[in-house]
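Worksheet: one structure, shown below.
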Amino acid sequence: MPEVKLNNVVKTFDKGRIIAVDHVNLTVRDKEYLTLLGPSGCGKTTTLRMIAGLELPDEGEISIGEKRVSDLPPEYRDIGYVFQEYALFPHMDVWNNVTYGPRVKGWNEKKSNKIGREMLELVRLFERTDAFPSELSGGMKQRVALARALSSGSKLLLLDEPLGALDAKIRTDLRYEIRKLVKDLQLTAIHVTHDQAEAMAISDRIAVMRKGKIMQVGTPQELYLNPQHIFVANFVGESNFLEGYVADRVGHKLTVELRGGIYVKSLNKDHKKGEKVVVAIRPEVLSITKGEKSGVNSIVGNIEGFRFEGNNVRYEIRLQNEDMIVVVRPALMAEWLSVGEKITVAFPFEKSFVFSYPEKGLRTELALE
Ligand SMILES: Nc1ncnc2c1ncn2[C@@H]1O[C@H](COP(=O)(O)OP(=O)(O)O)[C@@H](O)[C@H]1O
Ligand SMILES: [Mg+2]
Numbered sequence: 108m109p110e111v112k113l114n115n116v117v118k119t120f121d122k123g124r125i126i127a128v129d130h131v132n133l134t135v136r137d138k139e140y141l142t143l144l145g146p147s148g149c150g151k152t153t154t155l156r157m158i159a160g161l162e163l164p165d166e167g168e169i170s171i172g173e174k175r176v177s178d179l180p181p182e183y184r185d186i187g188y189v190f191q192e193y194a195l196f197p198h199m200d201v202w203n204n205v206t207y208g209p210r211v212k213g214w215n216e217k218k219s220n221k222i223g224r225e226m227l228e229l230v231r232l233f234e235r236t237d238a239f240p241s242e243l244s245g246g247m248k249q250r251v252a253l254a255r256a257l258s259s260g261s262k263l264l265l266l267d268e269p270l271g272a273l274d275a276k277i278r279t280d281l282r283y284e285i286r287k288l289v290k291d292l293q294l295t296a297i298h299v300t301h302d303q304a305e306a307m308a309i310s311d312r313i314a315v316m317r318k319g320k321i322m323q324v325g326t327p328q329e330l331y332l333n334p335q336h337i338f339v340a341n342f343v344g345e346s347n348f349l350e351g352y353v354a355d356r357v358g359h360k361l362t363v364e365l366r367g368g369i370y371v372k373s374l375n376k377d378h379k380k381g382e383k384v385v386v387a388i389r390p391e392v393l394s395i396t397k398g399e400k401s402g403v404n405s406i407v408g409n410i411e412g413f414r415f416e417g418n419n420v421r422y423e424i425r426l427q428n429e430d431m432i433v434v435v436r437p438a439l440m441a442e443w444l445s446v447g448e449k450i451t452v453a454f455p456f457e458k459s460f461v462f463s464y465p466e467k468g469l470r471t472e473l474a475l476e
């Protein structure tokens, strides 16, 4: 039913000076849980507001199901919307908040009551029907907001940073509850967040946005295993970036000369000999051994610092060519190394990515805004 399509959608503000959404093409499949992920200011909310009809696109088309909705006012789009700040009616109790939609729609009392009851049972708040929003915790308020968004029977749910105002533990619990609700009710959901861990955990697919553009759309695994842009390699998961030049290519193997005459092997993706490139290596695929070791993709360095992060240890390492690299090891498996210690890092060549060096430089490419 509600497949959502955006076709070349553009939205500017401030007489065109701010390009909030820049030629976005996106298809959200029926019953899919899709997340728009990107740094603050990249155009996520604007995209969502255009789907809801709260903002009109300057250019392009939006359709929901078979219907072109670009010029349709919000009340005709049949959408449930959940905001970061709950937006509950403070003077109404839980029951009246949740049954407000059905009543405004003119449904009879029996039907309104039935759906109100169902929705509150789904979010496990049926015992709190008499409570006012001010008497509820953040997590409860957001569950009421969900029930209210769904009580009008909408099959399309839009969620704008719905977990942003909650404490860490509740945030992770509610994340799975929302996904389960969406799946049980067979809804299509478009979720907006800047939190990559949340996006990875909750989504069928993620659209990574940067500066109004969609950089890549894929399942969490696809984005992690096969990032198509340096920005994605850094924003979904984490990466170290080492600059170098292609020294040689044989079949699917590439040899890259890093600064300081260090040679590493990586996977070839049509890079030319002599091309300036960036090798991306995830901190968790690097191993560390004490002392100076030789071998393929082994680089000698010194521990400059480390942080115990609970489940992981994060080492900051200065390589012999002065490049900095981060290595993350599971705490229980980590060698406890001290600052100043000489070590060798190594990585399997097929677990690194090579990108052409960005035209505007690496820093600009990685910048969040
Ligand atoms: N009503 C508005 N007037 C002017 N600029 C706006 C308006 N809404 C959003 N913007 C700008 O558009 C860009 C995208 O904003 P937004 O969609 O809210 O990003 P996100 O939700 O990803 O943080 C930002 O630069 C923001 O300042
Ligand atoms: Mg926003």
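Taking our numbering, I'd label the letters of the sequence shown as residues 108 to 476. No residue lacks a Cβ here, since even glycine has one placed at the ideal position from N, Cα and C.
Item                                                                                                                                                                            : Value
Pairs of beta-carbons, one from the segment 446 to 458 and one from the segment 388 to 395, closer than 8 Å: are there three or more?                                           : yes
Where in the segment 314 to 378 do unbroken runs of the alpha helix (DSSP H), each at least 4 residues long, occur, reported from the N-terminal end onward?                    : 327 to 332 and 337 to 342
Hey, would you say the C-beta of V384 is under 7 Å away from at least one heavy atom of ligand 2?                                                                               : no
Taking the beta strand (DSSP E) that D267 falls in, what are its first and last residues?                                                                                       : L263 to D267
Within its chain, find whatever has a CB closer than 6 Å to the CB of E448; leave out the 5 residues flanking it on each side and keep chain order.                             : I410
Pairing CB atoms from the segment 355 to 367 with CB atoms from the segment 321 to 335, are three or more of them under 8 Å?                                                    : no
Name the DSSP bridge partner or partners of T152?                                                                                                                               : T152 is not bridged to any residue.
Whole-angstrom Cβ separation of E192 and A272, contact assumed at under 8 Å?                                                                                                    : 6 Å
Quick one: what's got a C-beta closer than 6 Å to I309's C-beta in the same chain, skipping five residues either side?                                                          : R282 and R286
Check whether the Cβ of K151 sits closer than 7 Å to any heavy atom of ligand 2, and report yes or no.                                                                          : yes
Kindly examine ligand 3 and report whether one of its heavy atoms sits closer than 7 Å to the Cβ of A354.                                                                       : Of the ligands this structure carries, namely ligand 1 and ligand 2, none is ligand 3.
Would the beta-carbon of S177 fall within 8 Å of that of P164?                                                                                                                  : yes
Would you identify the three-state DSSP class for A387, choosing helix, strand or coil?                                                                                         : strand
Please classify E268: is it buried, with 16 or more other beta-carbons within 10 angstroms of its beta-carbon, or exposed?                                                      : buried
Specify whether the segment 218 to 227 and the segment 296 to 311 touch according to this definition: at least 3 beta carbon pairs, one from each stretch, less than 8 Å apart. : no
Measuring straight from C-alpha to C-alpha, what distance separates G245 and A275?                                                                                              : 12 Å
If you compare alpha carbons, which of N419, G325 and L229 is closest to L141?                                                                                                  : G325
Could you give the distance in angstroms between the alpha-carbon of N115 and the alpha-carbon of I158?                                                                         : 13 Å
DSSP state of F196, grouped into three classes?                                                                                                                                 : coil
For L469 versus V385, is the C-beta spacing smaller than 8 Å?                                                                                                                   : yes
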